[in-house]
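Under our numbering, think of the first position of the sequence shown as 293, with each following residue one higher. Notes follow once the structure below has been shown.
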Amino acid sequence: MAKRYLFRIFRFDPETDEAPCFRDYIYEEEKPKVVLEALMDIRNEQDATLAFRYSCREAVCGSCSLVINGEFELACRTRLASLGSDIIVIEPLPNLPIQKDLVVDMEPFWQALERIKPYVMAEEEGKGGERREKEELSLTPEAEEKTIIPTLSGYRIEEKEMEAIEAFTNCILCGCCYSACPVVSRDESYIGPIALAKLYRYVRDPRDRRSFQDWANIGTSSGLWGCDTVFRCNEVCPREVRPADGILALRRRYVWEKIKQIFKKEK
Ligand code: SF4
Ligand code: SF4
Ligand code: FES
Numbered sequence: 293m294a295k296r297y298l299f300r301i302f303r304f305d306p307e308t309d310e311a312p313c314f315r316d317y318i319y320e321e322e323k324p325k326v327v328l329e330a331l332m333d334i335r336n337e338q339d340a341t342l343a344f345r346y347s348c349r350e351a352v353c354g355s356c357s358l359v360i361n362g363e364f365e366l367a368c369r370t371r372l373a374s375l376g377s378d379i380i381v382i383e384p385l386p387n388l389p390i391q392k393d394l395v396v397d398m399e400p401f402w403q404a405l406e407r408i409k410p411y412v413m414a415e416e417e418g419k420g421g422e423r424r425e426k427e428e429l430s431l432t433p434e435a436e437e438k439t440i441i442p443t444l445s446g447y448r449i450e451e452k453e454m455e456a457i458e459a460f461t462n463c464i465l466c467g468c469c470y471s472a473c474p475v476v477s478r479d480e481s482y483i484g485p486i487a488l489a490k491l492y493r494y495v496r497d498p499r500d501r502r503s504f505q506d507w508a509n510i511g512t513s514s515g516l517w518g519c520d521t522v523f524r525c526n527e528v529c530p531r532e533v534r535p536a537d538g539i540l541a542l543r544r545r546y547v548w549e550k551i552k553q554i555f556k557k558e559k
């Protein structure tokens with residue numbers, strides 16, 4: 293027998309609506325479904341104007357993150373039965389502007405990430421590798437200037453080193469931590485948890501060549517020292533990344549680098 297749910301869904305179109313509201317939909321679950329499938333059924337069968345975002349449907353792309361019955365979840369992996377309620381309230385991620393209904397503008401989140409240059413700045417040559425000739429790649433002079441040529445053997449990393457950063461590499465950029473962070477709520481200049489945790493991931497990565505001078509400017513109240521360490525980001529992350537642990541580790545690294553600088557000056 294089909295199970296009946298009441299879906300109470302946040303609706304708002306900033307271009308036409310004066311204020312947001314919740315709209316109710318009765319949903320009959322014929323066979324076990326996840327929230328994303330239910331939303332797709334509701335859109336296809338009841339209300340084609342309902343907007344929400346998704347892509348992979350495999351808990352990999354991070355685009356279907358929502359607040360479901362008050363909890364931050366990926367809609368594509370949250371089973372209706374697991375919610376333990378006949379009423380399912382769906383809201384968009386907070387701390388981000390609403391584009392339409394459940395779709396938010398992720399631009400502030402991406403901008404925060406851009407501030408830390410979220411990629412490994414690799415050395416020109418890895419250990420024991422042969423350097424490829426630039427001519428071999430037929431680059432234009434401009435591209436040649438900007439390009440770091442990888443070695444044939446790639447860049448090796450020890451297992452122990454990888455373990456230290458692995459949790460942070462599991463981030464799927466779903467935005468839940470940024471949306472749940474109370475500091476982001478009250479101070480939009482704060483960079484947010486995942487940018488800081490990712491910065492730690494690169495600073496700790498032995499393949500990354502950025503120097504302390506390259507990231508020292510993060511030591512401000514809108515950066516590294518803005519976090520209240522209430523660990524909300526750790527609680528909500530669907531991939532158990534624990535960004536706040538990365539923030540604390542980055543703070544320790546920052547202080548250590550500062551101490552090194554003081555001793556260098558005294559010598
Ligand atoms: S620990 Fe820091 S970054 Fe994480 S939610 Fe709390 S204030 Fe935000
Ligand atoms: S740290 Fe977790 S909550 Fe934050 S963006 Fe990455 S996967 Fe999402
Ligand atoms: S659709 Fe990609 S994580 Fe849910």
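All C-beta atoms in this analysis are idealised placements derived from N, C-alpha and C, irrespective of residue type, glycine included.
Same chain, Cβ closer than 6 Å to residue i, neighbours up to 5 away in sequence not counted
{"i": "residue 405", "result": "487"}
{"i": "residue 419", "result": "Unreliable positioning characterises residue 419 in this predicted model, as indicated by a pLDDT of 37, which lies under 50. The coordinate reading is nonetheless provided below. So no residue of the chain qualifies."}
{"i": "residue 515", "result": "483"}
{"i": "residue 356", "result": "328, 346, 366, 367, 368"}
{"i": "residue 375", "result": "361"}
Identity of the residue in the options nearest residue i by Cα
{"i": "residue 363", "options": "339, 348, 381, 332", "result": "381"}
{"i": "residue 466", "options": "409, 388, 412, 296", "result": "388"}
{"i": "residue 351", "options": "371, 390, 337", "result": "371"}
{"i": "residue 316", "options": "300, 310, 556", "result": "300"}
{"i": "residue 409", "options": "318, 483, 555, 378", "result": "483"}
{"i": "residue 354", "options": "521, 540, 470", "result": "470"}
{"i": "residue 544", "options": "414, 511, 383", "result": "511"}
{"i": "residue 455", "options": "312, 480, 496", "result": "496"}
{"i": "residue 499", "options": "450, 476, 534", "result": "450"}
{"i": "residue 386", "options": "314, 476, 377, 340", "result": "476"}
{"i": "residue 394", "options": "532, 447, 358", "result": "358"}
{"i": "residue 519", "options": "392, 480, 554", "result": "480"}
{"i": "residue 407", "options": "448, 509, 557", "result": "509"}
Nearest-angstrom beta carbon gap, residue j and residue i [assumed within contact, 8 Å]
{"i": "residue 528", "j": "residue 489", "result": "So it is not a contact: roughly 13 Å between Cβ atoms."}
{"i": "residue 390", "j": "residue 306", "result": "6 Å"}
{"i": "residue 383", "j": "residue 302", "result": "5 Å"}
{"i": "residue 501", "j": "residue 414", "result": "7 Å"}
Rounded straight-line distance, which links the Cα of residue j to that of residue i
{"i": "residue 412", "j": "residue 463", "result": "15 Å"}
{"i": "residue 367", "j": "residue 530", "result": "11 Å"}
{"i": "residue 478", "j": "residue 551", "result": "32 Å"}
{"i": "residue 327", "j": "residue 523", "result": "26 Å"}
{"i": "residue 536", "j": "residue 294", "result": "42 Å"}
{"i": "residue 345", "j": "residue 548", "result": "42 Å"}
{"i": "residue 525", "j": "residue 485", "result": "7 Å"}
{"i": "residue 337", "j": "residue 331", "result": "10 Å"}
{"i": "residue 379", "j": "residue 342", "result": "18 Å"}
{"i": "residue 491", "j": "residue 360", "result": "30 Å"}
{"i": "residue 333", "j": "residue 453", "result": "45 Å"}
{"i": "residue 318", "j": "residue 399", "result": "33 Å"}
{"i": "residue 311", "j": "residue 505", "result": "47 Å"}
{"i": "residue 297", "j": "residue 347", "result": "25 Å"}
{"i": "residue 417", "j": "residue 546", "result": "Since pLDDT at residue 417 reaches only 41, below the 50 mark, its modelled position is unreliable, and the value read off the structure follows with that caveat. C-alpha separation (whole angstroms): 27 Å."}
{"i": "residue 321", "j": "residue 396", "result": "27 Å"}
{"i": "residue 335", "j": "residue 533", "result": "32 Å"}
{"i": "residue 572", "j": "residue 556", "result": "Missing from the structure shown is residue 572; the chain here goes from 293 to 559 and no further."}
{"i": "residue 517", "j": "residue 324", "result": "45 Å"}
{"i": "residue 558", "j": "residue 513", "result": "28 Å"}
{"i": "residue 339", "j": "residue 521", "result": "42 Å"}
{"i": "residue 424", "j": "residue 392", "result": "In this predicted model, residue 424 has a pLDDT of only 43, less than 50, meaning its place in the structure is not dependable; the value taken from the coordinates is given anyway. Computed Cα separation, rounded: 49 Å."}
{"i": "residue 349", "j": "residue 468", "result": "17 Å"}
Neighbourhood of residue i by C-beta distance below 8 Å, restricted to the same chain and skipping five residues each side
{"i": "residue 493", "result": "457, 460, 461, 538"}
{"i": "residue 309", "result": "303"}
{"i": "residue 541", "result": "492, 496"}
{"i": "residue 314", "result": "300, 301, 302, 303, 381"}
{"i": "residue 554", "result": "none"}
{"i": "residue 377", "result": "361"}
Beta carbon proximity, residue i to chain D, threshold 9 Å
{"i": "residue 335", "result": "Given the protein chain composition of this structure (a single chain), no chain D is represented."}
Contacting residues, own chain, Cβ-Cβ under 7 Å from residue i (five flanking each side not counted)
{"i": "residue 402", "result": "none"}
Practice problem: Can you check the stretch 299 to 338 for any alpha helix (DSSP H) of at least 4 residues that lies completely inside it and give the ranges in chain order? | Solution: 327 to 337
Quiz item: Taking only runs of the beta strand (DSSP E) that begin and end inside the stretch 475 to 500, which ones reach a length of at least 3 residues, in chain order?
Solution: none
Self-check item: Whole alpha helix (DSSP H) elements within the stretch 345 to 431, 4-residue minimum
Solution: 399 to 406
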